[in-house]
Each structure stands twice: as C-alpha cells, then as structure tokens.
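Protein chains in written order, with this note's numbering: chain G, 49 to 437; chain H, 49 to 437; chain W, 49 to 437.
Here a beta-carbon is modelled for each residue, glycine too, at the ideal position from N, C-alpha and C.
Remarks on the structure that follows.
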Amino acid sequence: MTQAKDNNCCVSICHCFFDYSTPKTLVIRSKKVGAINRITQALVIAYIIGYVCVLKKGYQDTDNILSSVTTKVKGIALTNTSDLGLRIWDVADYIIPPQEESSFFVLTNLIVTQNQRQGHCAEIPSVSSICTSDKDCKVGIRGPRSNGVQTGKCVNFNRTVKTCEVFAWCPLERDGEPPNPPMLADAENFTVLVKNNIRFPKFKFNKRNILPHINSSYLENCVFNRSTDPECPIFRLKDIVEEADEDFQTMAVHGGVMGVQIRWECDLDLPDTWCVPRYNFRRLDNKDPTNTVSPGYNFRFAKYYKDSDNKETRTLIKGYGIRFDIMVFGQAGKFNIVPLLLNVGAGLGLLGLVAVVCDWIVLTCMTKRRLYNEQKYTYVDDYGVLPEE
Amino acid sequence: MTQAKDNNCCVSICHCFFDYSTPKTLVIRSKKVGAINRITQALVIAYIIGYVCVLKKGYQDTDNILSSVTTKVKGIALTNTSDLGLRIWDVADYIIPPQEESSFFVLTNLIVTQNQRQGHCAEIPSVSSICTSDKDCKVGIRGPRSNGVQTGKCVNFNRTVKTCEVFAWCPLERDGEPPNPPMLADAENFTVLVKNNIRFPKFKFNKRNILPHINSSYLENCVFNRSTDPECPIFRLKDIVEEADEDFQTMAVHGGVMGVQIRWECDLDLPDTWCVPRYNFRRLDNKDPTNTVSPGYNFRFAKYYKDSDNKETRTLIKGYGIRFDIMVFGQAGKFNIVPLLLNVGAGLGLLGLVAVVCDWIVLTCMTKRRLYNEQKYTYVDDYGVLPEE
Amino acid sequence: MTQAKDNNCCVSICHCFFDYSTPKTLVIRSKKVGAINRITQALVIAYIIGYVCVLKKGYQDTDNILSSVTTKVKGIALTNTSDLGLRIWDVADYIIPPQEESSFFVLTNLIVTQNQRQGHCAEIPSVSSICTSDKDCKVGIRGPRSNGVQTGKCVNFNRTVKTCEVFAWCPLERDGEPPNPPMLADAENFTVLVKNNIRFPKFKFNKRNILPHINSSYLENCVFNRSTDPECPIFRLKDIVEEADEDFQTMAVHGGVMGVQIRWECDLDLPDTWCVPRYNFRRLDNKDPTNTVSPGYNFRFAKYYKDSDNKETRTLIKGYGIRFDIMVFGQAGKFNIVPLLLNVGAGLGLLGLVAVVCDWIVLTCMTKRRLYNEQKYTYVDDYGVLPEE
Numbered sequence: 049m050t051q052a053k054d055n056n057c058c059v060s061i062c063h064c065f066f067d068y069s070t071p072k073t074l075v076i077r078s079k080k081v082g083a084i085n086r087i088t089q090a091l092v093i094a095y096i097i098g099y100v101c102v103l104k105k106g107y108q109d110t111d112n113i114l115s116s117v118t119t120k121v122k123g124i125a126l127t128n129t130s131d132l133g134l135r136i137w138d139v140a141d142y143i144i145p146p147q148e149e150s151s152f153f154v155l156t157n158l159i160v161t162q163n164q165r166q167g168h169c170a171e172i173p174s175v176s177s178i179c180t181s182d183k184d185c186k187v188g189i190r191g192p193r194s195n196g197v198q199t200g201k202c203v204n205f206n207r208t209v210k211t212c213e214v215f216a217w218c219p220l221e222r223d224g225e226p227p228n229p230p231m232l233a234d235a236e237n238f239t240v241l242v243k244n245n246i247r248f249p250k251f252k253f254n255k256r257n258i259l260p261h262i263n264s265s266y267l268e269n270c271v272f273n274r275s276t277d278p279e280c281p282i283f284r285l286k287d288i289v290e291e292a293d294e295d296f297q298t299m300a301v302h303g304g305v306m307g308v309q310i311r312w313e314c315d316l317d318l319p320d321t322w323c324v325p326r327y328n329f330r331r332l333d334n335k336d337p338t339n340t341v342s343p344g345y346n347f348r349f350a351k352y353y354k355d356s357d358n359k360e361t362r363t364l365i366k367g368y369g370i371r372f373d374i375m376v377f378g379q380a381g382k383f384n385i386v387p388l389l390l391n392v393g394a395g396l397g398l399l400g401l402v403a404v405v406c407d408w409i410v411l412t413c414m415t416k417r418r419l420y421n422e423q424k425y426t427y428v429d430d431y432g433v434l435p436e437e
Numbered sequence: 049m050t051q052a053k054d055n056n057c058c059v060s061i062c063h064c065f066f067d068y069s070t071p072k073t074l075v076i077r078s079k080k081v082g083a084i085n086r087i088t089q090a091l092v093i094a095y096i097i098g099y100v101c102v103l104k105k106g107y108q109d110t111d112n113i114l115s116s117v118t119t120k121v122k123g124i125a126l127t128n129t130s131d132l133g134l135r136i137w138d139v140a141d142y143i144i145p146p147q148e149e150s151s152f153f154v155l156t157n158l159i160v161t162q163n164q165r166q167g168h169c170a171e172i173p174s175v176s177s178i179c180t181s182d183k184d185c186k187v188g189i190r191g192p193r194s195n196g197v198q199t200g201k202c203v204n205f206n207r208t209v210k211t212c213e214v215f216a217w218c219p220l221e222r223d224g225e226p227p228n229p230p231m232l233a234d235a236e237n238f239t240v241l242v243k244n245n246i247r248f249p250k251f252k253f254n255k256r257n258i259l260p261h262i263n264s265s266y267l268e269n270c271v272f273n274r275s276t277d278p279e280c281p282i283f284r285l286k287d288i289v290e291e292a293d294e295d296f297q298t299m300a301v302h303g304g305v306m307g308v309q310i311r312w313e314c315d316l317d318l319p320d321t322w323c324v325p326r327y328n329f330r331r332l333d334n335k336d337p338t339n340t341v342s343p344g345y346n347f348r349f350a351k352y353y354k355d356s357d358n359k360e361t362r363t364l365i366k367g368y369g370i371r372f373d374i375m376v377f378g379q380a381g382k383f384n385i386v387p388l389l390l391n392v393g394a395g396l397g398l399l400g401l402v403a404v405v406c407d408w409i410v411l412t413c414m415t416k417r418r419l420y421n422e423q424k425y426t427y428v429d430d431y432g433v434l435p436e437e
Numbered sequence: 049m050t051q052a053k054d055n056n057c058c059v060s061i062c063h064c065f066f067d068y069s070t071p072k073t074l075v076i077r078s079k080k081v082g083a084i085n086r087i088t089q090a091l092v093i094a095y096i097i098g099y100v101c102v103l104k105k106g107y108q109d110t111d112n113i114l115s116s117v118t119t120k121v122k123g124i125a126l127t128n129t130s131d132l133g134l135r136i137w138d139v140a141d142y143i144i145p146p147q148e149e150s151s152f153f154v155l156t157n158l159i160v161t162q163n164q165r166q167g168h169c170a171e172i173p174s175v176s177s178i179c180t181s182d183k184d185c186k187v188g189i190r191g192p193r194s195n196g197v198q199t200g201k202c203v204n205f206n207r208t209v210k211t212c213e214v215f216a217w218c219p220l221e222r223d224g225e226p227p228n229p230p231m232l233a234d235a236e237n238f239t240v241l242v243k244n245n246i247r248f249p250k251f252k253f254n255k256r257n258i259l260p261h262i263n264s265s266y267l268e269n270c271v272f273n274r275s276t277d278p279e280c281p282i283f284r285l286k287d288i289v290e291e292a293d294e295d296f297q298t299m300a301v302h303g304g305v306m307g308v309q310i311r312w313e314c315d316l317d318l319p320d321t322w323c324v325p326r327y328n329f330r331r332l333d334n335k336d337p338t339n340t341v342s343p344g345y346n347f348r349f350a351k352y353y354k355d356s357d358n359k360e361t362r363t364l365i366k367g368y369g370i371r372f373d374i375m376v377f378g379q380a381g382k383f384n385i386v387p388l389l390l391n392v393g394a395g396l397g398l399l400g401l402v403a404v405v406c407d408w409i410v411l412t413c414m415t416k417r418r419l420y421n422e423q424k425y426t427y428v429d430d431y432g433v434l435p436e437e
C-alpha cells in the first residue's frame with residue numbers, strides 16, 4: 049500500500065515536471081489591431097537592434113584604458129636682454145622639472161631677479177608698505193602679499209618713496225607685467241615627440257601611438273599635420289596651440305595649460321589596425337578676460353649658488369609658460385554575451401509593454417470590444433462577502 | 049490554378065501578419081487576491097520609479113570628468129637655527145619641485161647637512177658599522193643602510209666610538225628625529241589658490257571652480273571657509289589639515305599626504321548654476337602609530353655648488369612636508385532614452401515575477417483554489433507512453 | 049437616485065481594482081515538450097544565477113578606487129670614470145625630480161658634459177653642419193637638430209673636419225651611444241618602499257598595502273618575493289624588472305618605463321582581510337627593435353654654477369634611467385538590490401523568450417499540433433472588409 053502511494057506521488061511529481069503550460073490565446077483577426085500591434089513591435093525591435101546593439105554597441109563588454117606617456121621636446125631659443133645679455137636656451141634650461149609623468153612644461157617667458165641674498169631691503173611700494181617714519185612699520189609683521197618680514201624701519205625705496213624695510217631675499221623681485229613679446233618667442237618652433245603605450249587589461253591588448261607601419265626615417269622628419277600627417281606623433285608646439293584656436297605668442301606671454309588629448313576608441317571585434325589614436329588639442333585653463341586672478345600659468349623657482357664667501361645667493365625666476373597635459377582616454381569594446389543578453393532581456397520586457405498597450409486599445413477603443421471582452425475574459429466571482437453586492 | 053494557390057498563400061500570410069494574439073484571461077474577483085496583487089505591483093512600480101529613476105537617476109546617461117588643475121601657493125616663513133642663521137623662506141624655496149601636474153609639496157621641516165663633498169669619513173655608528181680594528185671593515189662593502197662604500201679602515205667617529213671609514217658624501221647626515229616644533233611652522237598660514245577646469249566630453253560641458261558670479265576683488269581677499277566662504281578657491285593650509293581632523297603642527301613634523309578632493313556631481317538636466325564643486329579634505333597617508341615604518345612623508349634632495357677649486361659640494365636636505373594631492377572626481381548625468389528603457393524594461397520583467405507569485409498564492413492557498421484551477425487550466429494529456437498511466 | 053448611481057460606480061471601480069487577472073493556461077502533458085521546456089528554462093536560470101550573479105557578481109554595486117602613493121628609494125652606487133673620477137651616488141643624486149606624485153625615476157646611465165658656458169664653438173659634424181668656408185654657414189640659422197645658433201663662421205672642429213661655428217652652451221655634448229655597461233649598474237640592488245593607501249568612497253572603505261598583520265621588524269628587513277614574501281611592500285629594482293621578463297642591465301643602458309601595477313579586487317561582502325593588493329610588473333615602453341626612434345627613456349637636465357667671475361656655468365647631464373609608474377587600479381563590490389534586480393529582471397525577460405521558442409516547437413513540430421492549436425487558440429474573425437475573404 050505504502051509503496052503504491054509513494055509510486056503515485058512520484059508519478060504526480062513527474063507529471064508536474066513534464067507539464068508544459070502555454071497561455072490560451074485569443075487571436076483577433078483584425079487589420080486595424082494587427083497593424084497597430086506589428087508597428088509597435090517593429091519599433092521596439094528596431095530600437096533594440098538599431099540603437100542599443102548597433103549604435104551603442106550593447107553587445108560589447110567594455111574596458112578602460114591603461115596608458116603610459118613619455119615626451120621629448122627639441123628646440124633651442126635665443127634671447128637678448130640687458131639683464132642676461134645674449135643667451136641660448138636649450139631643453140635643459142626650459143623644461144622644468146626635467147621630467148614628469150604625463151605632462152611637460154615649456155618656459156616661454158620669464159622675469160629674472162639675479163643675485164638675491166638673504167638681507168634687508170625696502171619693500172616694494174604698496175598701500176600697506178609705504179611709510180613715513182619707523183612708527184608705521186612693526187617688527188615681525190609679514191603680510192599675505194609681502195616679500196619678507198618687516199624689521200620695523202622705514203627706509204628709502206627710491207628718491208621719492210619710503211617703504212618699510214623687510215628681511216627677505218634682496219633685491220626684491222619687480223613683479224610687474226611679463227615681457228611682451230615673450231622672451232622665448234622661439235618656443236613656437238619647438239617640437240615634442242609623444243610616445244604613448246596603451247593597454248586594455250581585460251582584453252590583454254597592447255598598442256602604441258607609433259603605429260606598426262610607420263618607419264624610422266619617416267619619424268625622423270615628420271611633423272603632425274591633421275590633413276597630411278595625421279599619424280605622426282611629433283608635434284610642433286605652435287600647431288598644438290593653433291589647433292585649439294589660440295595664438296601662441298599671445299598665450300606665451302602669460303602662460304597657460306594645453307590639453308593634448310589622445311583618444312583610443314577601439315572596437316576589438318574589428319581588425320587591430322582600425323584601432324588608432326586620435327589627437328585633439330584644447331586649452332584647459334580659462335582665458336576669460338573677467339575673473340582673471342593670476343591669469344595664465346606661472347610659478348617661481350630659483351637656482352642656488354654660493355659666492356666666494358660661501359654665502360648663498362640665488363637667481364629667482366618667475367617663469368611663465370605652457371604646461372602640456374597629455375590626457376589619454378578611450379574605451380575598447382569586444383563582443384560579450386552578458387551585456388547582449390542584458391540588453392535583449394530588457395528589450396523583451398519592453399515587448400511586453402507593447403502587448404499591454406495593444407490590449408488596452410482593442411478592449412476599449414474598438415467597435416467590437418464587447419465581443420473581444422467576452423472572448424478574452426472569464427469571470428469567477430468571489431465578492432459574496434462585499435456588503436453592497 | 050497556380051495563381052489561385054499563390055493568392056491563397058498570400059492571403060494566409062496576410063492573415064497571419066494581421067493576427068493579433070492576446071492571452072485569454074481568467075478574472076478572479078476576490079478582494080484578498082486583488083489586494084495582494086495590487087500591493088505587490090505597487091511595490092514594484094514604486095521601486096522602479098522611486099529608487100531606480102529618481103534616486104539613482106536611472107533615466108540619465110552618465111559621463112566621467114576630465115580635469116586640469118593648477119595651484120599657486122603664497123606665503124613666507126622665517127627660521128632661526130644655529131646652522132642656517134636667520135633665514136627667510138619663500139615659495140621658490142619650499143615648493144619642491146616648483147610645479148607638478150595635480151599636486152604640490154610644501155616643505156615644513158628639514159634636516160640640513162651643509163658642505164658635503166665626496167670623500168672619506170667615519171660611518172654613523174650602528175651595529176654593523178662599529179669596529180675595533182681594520183679587520184672588521186671590508187673594502188667595497190656597501191650595506192643596505194650604509195651611506196657609502198667601506199674603504200677597509202677603522203677610524204674614530206668620536207672620542208669613544210670607532211666606526212668603519214666609508215667613501216661617501218661627507219660629512220654624513222645625522223639622520224635623527226626631525227626638529228619639533230617643525231622649522232617652517234609658519235607654513236600653516238600659507239594659502240593656496242587651486243584653479244580647476246573640468247569638462248564632460250560626452251556632453252560638451254565645461255566649467256571651472258572659480259564660479260562665474262565670483263568677482264576678482266572677492267578672490268583677492270577671500271579664504272575658503274565651509275560656512276562663510278564655501279566657494280572661495282583659496283585655502284589656508286592649516287584649514288585644509290584641520291578640516292581633516294588633524295593638527296597642522298603635529299603633521300608638519302614628520303610630514304604627510306593630504307587629499308584635496310573636488311567633487312563635481314552635475315545633473316545637467318538642471319540649470320548649469322547648480323553644478324558646483326564641493327571640497328573635501330582627507331589625510332591620505334596612515335598615521336596609525338603601529339606599523340610606522342618611515343612614517344609621514346619625506347625625501348632627500350640636494351643643492352649643488354662648486355667651490356673655488358671647481359670641486360663639487362652640495363647641501364643635502366632631508367625635507368619633511370605635506371604633499372597635497374588634488375583629486376578631482378565626479379559625474380555628470382543627462383536624460384537619455386537608452387538607460388531609461390533598460391531600467392523600465394528590467395522593471396517590467398519584475399512585474400512578470402509578481403504575476404507568478406500571485407498565481408501561486410491563488411492556486412494553492414485560497415479556499416476556492418479547486419474552482420480557480422478548473423477555470424484556469426485546460427489539460428491536454430499526452431502521457432499515453434508513460435507506463436504508470 | 050443619484051446617490052445610488054454614485055454608489056454603483058464606486059462599487060464598479062472597487063471591483064475593477066480588486067479584479068485579479070491571470071492568463072488561462074493550456075497545460076500540455078507531454079514528456080517531450082515538458083523536457084524541452086524545462087531544459088531551456090534550466091539553462092536560462094543557470095545562466096542568470098551562475099554567470100551573471102556568481103561569476104560577474106551582478107548582485108553587487110561597484111565602486112572605483114581612489115589611491116595615494118608615496119615611494120622611498122634606498123641604495124648607493126659607485127662609479128669610476130675618467131671624467132668624474134671615483135664618485136658615490138646617493139638617493140639625492142639619482143632620483144630626479146626628488147618627488148613625484150605616483151612615479152619615480154631612477155638614473156641608471158648618463159652622459160655628462162661639464163663646465164658648459166654660453167659661448168662660441170664648432171658644431172658637432174653632421175651633413176648640415178660640415179663646411180669648407182664661411183659661405184656655407186649663415187648667421188642666425190638654427191636647425192631642428194643643431195645645438196645652437198650659427199654665427200656664420202666656418203671653424204675647425206678637429207684637425208680634419210671644419211664645421212659651422214654656433215653660439216651655444218660650449219663645449220657641446222658628445223651625444224653618442226650611452227656607456228655600456230651602464231654607469232650606475234649598482235642600481236639593480238636599490239630597494240623601493242611603496243606605500244599605497246586606497247579608498248572606495250561609495251563604501252567608505254579604507255585600506256593600505258602595509259597590511260595590519262605586518263609588523264615593523266618584518267618590514268625593516270623584507271624584500272618582495274612572489275613566493276616567499278608576497279605581501280612585503282619593499283621591492284628590489286632588479287626583481288621588478290625581472291618579473292617583467294626584462295634584463296635590468298640591458299634596460300639600464302637606454303632606460304625605459306616600468307609599470308608597477310597594484311590591483312585591489314575587493315569583495316566587501318567578504319571579510320576585510322580578503323581584500324589584499326596584488327602586485328604586477330610590466331614594461332610599459334616598447335622595446336621593439338624596429339621603429340626605435342629615441343628608444344628607452346632619457347632626458348637632459350643641468351646643474352647650474354657660478355664661477356669666480358660670477359659667470360654662469362653648468363653641468364649638462366643626459367640621464368638615462370628607468371621610470372617606475374605606480375598604477376593602482378581595482379574595484380570593490382558590495383551587495384546592492386538595484387543591480388541584482390536589473391539583472392534578474394533582464395533574466396526574466398529571457399525566460400519569456402524561452403516560452404516563445406517552446407510554443408513554436410509545440411505548435412509546429414509536434415505530431416499532435418493540430419489538437420494543441422485548437423485548444424490554445426480561439427479565433428475571432430474581423431476580416432469582413434478584406435476583399436478575398
């Protein structure tokens with residue numbers, strides 16, 4: 049008996065397992081309804097295939113880029129000023145610091161203050177530093193804009209003006225407007241070789257911006273030009289600035305920041321050779337004439353010397369120049385079943401939405417809606433408990 | 049005949065195409081079941097609309113930020129030590145290197161070793177360098193912690209201790225604890241102007257942290273303060289450190305790394321003026337008192353001189369200080385139909401899940417389940433082959 | 049009357065609201081169909097659970113890493129050349145610039161040109177600089193590869209060759225092949241301590257690469273070794289290079305760029321201690337023997353001096369070396385209901401696809417398809433207007 053029961057139960061489960069449920073369907077043969085239905089379906093399917101899969105490449109897994117950049121600037125500049133005399137500038141003089149990870153700074157203009165020593169001198173005249181007697185100056189005061197610590201004395205700055213004496217690197221820098229035209233105007237002809245190696249770690253794909261078909265002799269002489277040499281990784285600084293619709297000589301006066309964008313958009317389902325870098329140049333700092341607090345880009349640095357008495361002296365340089373930030377970005381895509389199914393699954397959900405909309409149209413708007421309703425719905429009433437019924 | 053057939057076939061396909069299939073539905077009029085159904089549906093719809101669309105902005109396409117940062121530090125510090133005498137430090141002295149891409153280092157403390165020359169001197173006493181005779185020292189040995197190459201001699205380090213002689217930059221640095229209080233304690237009042245230009249390339253949207261409504265005269269005098277001046281891009285170093293719940297003077301002794309986080313969370317469906325940077329400050333290195341192998345942040349650098357004999361000498365500086373890393377991050381979102389449909393589609397899939405759950409409740413738990421089952425299911429038996437049937 | 053009507057209407061809406069619709073279903077009890085159905089369903093569910101949820105962790109919200117890196121190199125090198133004599137190099141000599149944000153450069157080889165002064169000297173012989181008389185040289189010409197500005201004179205370079213005189217930093221650098229073996233061959237034994245603090249801002253999770261269970265005494269002496277000391281954050285430079293299948297001494301001659309990759313893949317649903325960094329080393333620049341325009345990595349920098357006449361002289365160094373870029377990347381995942389529901393929803397959409405496929409099989413391929421069709425479909429014809437009907 050028990051075995052028979054067990055057996056029965058087993059059969060039931062078995063039945064259950066092999067039951068295939070399919071919804072009973074009412075087929076309405078109507079041109080109007082059919083057309084509405086098919087058109088909406090077509091739209092959704094077109095959207096899924098066209099937009100998600102083809103345009104947005106929803107069937108691809110994506111990976112972000114890892115990049116390494118090295119740069120090498122070449123060129124010399126000649127300056128002739130009363131302070132420095134005739135002077136030649138080479139790469140060791142105008143690239144500061146000599147190496148950086150993914151940017152480089154080219155000095156284009158400078159204010160030099162030579163032979164500074166720690167000592168006492170008259171502060172540069174300003175509202176807070178001009179004085180008439182020692183009473184106006186307080187020992188130890190250091191304003192946010194002052195160049196040193198006040199000694200409490202009021203001394204002659206020149207024949208007409210007296211200012212508070214400060215302990216500072218003397219003589220003080222005459223921080224006025226930078227020379228215009230810029231001192232290293234020759235910098236516009238400097239060239240920079242940008243070497244960029246990229247990697248998409250998820251796909252184990254490496255490439256560099258010196259493409260395989262470029263040979264050494266071409267590289268020795270080429271200069272990037274969007275129309276004639278779009279693959280040459282050697283850029284003339286002036287070209288970079290002009291591609292961003294800026295004037296090099298104007299920018300060189302106060303300095304600035306240029307973005308050299310290298311974009312790698314790689315569809316790894318296509319041949320490797322189609323994965324090439326595209327260069328774009330943009331000015332990154334703001335040259336908006338309003339709100340120009342410390343416009344451009346400059347910084348101060350010093351070269352330190354010792355004189356014959358073993359006292360430290362320095363040459364202070366307020367260097368204006370252009371910082372070039374190499375920004376590498378991009379994505380690689382490769383076919384992968386997961387994002388495809390995610391997109392298709394979501395799309396099928398939308399097809400369900402189509403059915404809901406069509407049902408509503410059929411059962412409320414069509415003339416034969418009463419017939420359709422009768423055929424579609426079977427009612428089982430269970431409202432016996434409702435008081436109003 | 050053939051034409052008639054073709055015609056027939058054509059009509060069939062036509063019929064097929066315009067057939068609209070809608071599932072036949074059993075409507076159960078029961079308060080219990082209805083309530084369960086509607087509540088679950090409401091929950092799912094509320095989730096889709098509320099959480100995915102409103103909170104997570106599932107209807108937006110997002111883009112990551114591209115950023116460019118420049119910084120400018122201002123301030124002077126005065127030190128007075130027996131070694132260096134009275135000395136003033138300005139920006140060219142304490143910012144090393146003078147420019148970096150998105151960080152800057154402020155020297156706050158230092159151990160100076162002046163007038164180093166290549167030569168022979170006694171090694172700093174340690175377990176491995178103390179010796180009693182030349183036999184204890186081997187020519188050419190260079191330990192991982194030694195300052196030079198042993199010459200094989202054992203010489204007096206001072207009156208009481210003998211150590212192996214090394215060929216090194218002499219005199220050797222006395223690498224002890226850094227001065228406390230820190231030498232450049234004044235650094236807490238230095239200010240830094242951070243200029244940050246951002247871009248969301250997908251949306252061609254640019255902005256900078258100096259907001260359009262900020263005028264120059266305000267910028268000349270303002271200092272960031274979370275409550276009174278939250279939009280001023282000029283920060284006092286002490287404020288940065290204190291916002292991160294650290295004490296500047298303590299941190300200045302051994303140095304450290306501070307993160308200046310600029311967060312841009314921009315909803316580009318809203319007006320541009322709502323897209324503003326938010327500043328946050330965090331200490332990035334670990335100040336955990338355990339595991340303090342080389343705590344803080346320091347590095348060695350040297351200034352090179354030539355003396356009157358054209359021999360190279362240098363001043364070695366072990367510089368402790370605070371590196372400020374400017375970290376810009378954030379996202380922009382803008383309405384886009386693709387992520388919206390992806391989320392809605394997935395949500396509709398979940399509505400299907402609701403139906404499954406409700407069906408199960410109705411057909412197994414309700415008292416009238418037998419009736420419902422009869423009405424819902426039509427069975428077609430095809431188990432003729434099953435032995436037990 | 050009106051009230052009764054209102055009441056009625058209210059009841060109707062109430063009914064409507066509590067109506068529960070469930071599709072009428074045809075259950076086909078057939079082993080074949082059932083098996084096909086269940087197998088496809090099982091596949092889809094296995095895919096959703098296995099691949100999306102378990103492998104791809106589709107139930108997790110992810111966050112990208114924020115990282116801060118500091119490095120400290122230790123070691124000394126001894127060189128002995130005719131130019132420089134016996135010379136010791138320590139960290140202040142060979143790390144240039146002394147600190148960077150997330151990379152460091154170790155000098156391994158160099159070409160030194162001492163005592164350069166601004167002046168006139170004969171250009172290095174080349175196709176464009178060799179001359180026979182002053183006519184071959186033009187005042188003011190500066191070629192892209194020249195070291196200075198031509199003065200218009202043709203002078204003896206050595207006994208046999210005459211070249212154009214240039215105004216430049218003289219004497220000019222003899223830019224040939226770098227010394228082989230490299231001058232700082234000892235650099236292979238330098239060690240670097242890499243301190244890396246990471247943060248996943250979305251999950252407020254911090255960690256650093258010096259793991260909590262590592263004590264100070266271990267850190268003082270350990271050196272990274274993939275098999276014996278995989279958690280030690282101190283790396284010998286030679287080991288880094290060799291892990292990337294490169295030879296240190298070969299690489300040191302021309303320099304190069306090494307990537308030190310620190311990968312944090314953290315499943316924050318698991319204990320924190322499972323979130324550990326994994327180190328990987330890769331050469332980032334290309335050592336491809338073809339296309340070797342300026343192979344390796346080098347840059348020029350100078351040390352500036354003033355001689356007794358207060359004239360500036362400099363020592364120009366063309367430094368070859370290895371730049372180590374510390375690249376920190378990784379992701380953290382933590383359970384979150386949104387991506388889970390997104391994936392499940394999309395998966396359920398796929399289950400709908402299964403039903404479509406099975407229906408098609410049942411209604412077209414099975415022998416009893418006529419019976420099934422009859423049971424499944426009810427037709428309502430509305431083609432009265434179609435001409436052929």
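Check, Outcome
"Please identify the residue among H:131, H:427 and H:123 whose C-alpha is closest to the C-alpha of residue 38 of chain H.", "The requested residue 38 of chain H is not part of the displayed model; chain H covers only 49 to 437."
"Taking the beta carbon of residue 344 of chain G as the centre, do at least 16 other beta carbons fall within 10 Å, making it buried, or is it exposed?", "buried"
"Residues bridged to residue 421 of chain W by DSSP?", "In the DSSP output, where bridge partners are listed per residue, residue 421 of chain W has none listed."
"Which of the three DSSP states is assigned to residue 149 of chain G in this structure?", "coil"
"Could you work out which residues of chain H lie near residue 145 of chain W, taking near to mean beta carbons separated by less than 7 Å?", "145"
"Compare the C-beta of residue 93 of chain G with all C-beta atoms of chain W and state if any pair is closer than 9 Å.", "no"
"On the three-state DSSP scale, how would you describe residue 226 of chain W?", "coil"
"Please list, in chain order, all residues of the same chain as residue 81 of chain G whose beta carbon is under 6 Å from its beta carbon, the five residues on each side excluded.", "410"
"Which residues of chain W have a Cβ atom closer than 9 Å to the Cβ of residue 61 of chain H, listed in chain order?", "By Cβ distance, chain W contributes nothing, its closest Cβ being about 12 Å from residue 61 of chain H, past 9 Å."
"In angstroms with no decimal places, state the Cα-to-Cα distance between residue 309 of chain W and residue 219 of chain W.", "42 Å"
"Under 9 Å between beta-carbons, which chain W residues line up against residue 138 of chain G? List them in chain order, please.", "195, 196, 216, 217, 348, 350 and 364"
"Is residue 303 of chain W near residue 127 of chain W, with beta carbons less than 9 Å apart?", "no"
"When DSSP labels each residue in this structure, what does residue 49 of chain H get in the three-state scheme?", "Summary for residue 49 of chain H: the model assigns pLDDT 47, below 50, so the residue's position carries little reliability; its value from the coordinates is reported in the next sentence. Reduced to three states, the DSSP call for residue 49 of chain H is coil."
"Of all the CB atoms in chain W, is at least one closer than 9 Å to the CB of residue 285 of chain G?", "no"
"Residue 193 of chain G to residue 211 of chain G, Cα distance in whole Å?", "14 Å"
"Under 9 Å between the Cβ atoms of residue 331 of chain W and residue 305 of chain W?", "yes"
"Taking Cβ-Cβ distances shorter than 8 Å, what residues in chain H pair up with residue 65 of chain W?", "82 and 86"
"For residue 365 of chain H, report the span of its beta strand (DSSP E) as first-last.", "360 to 383"
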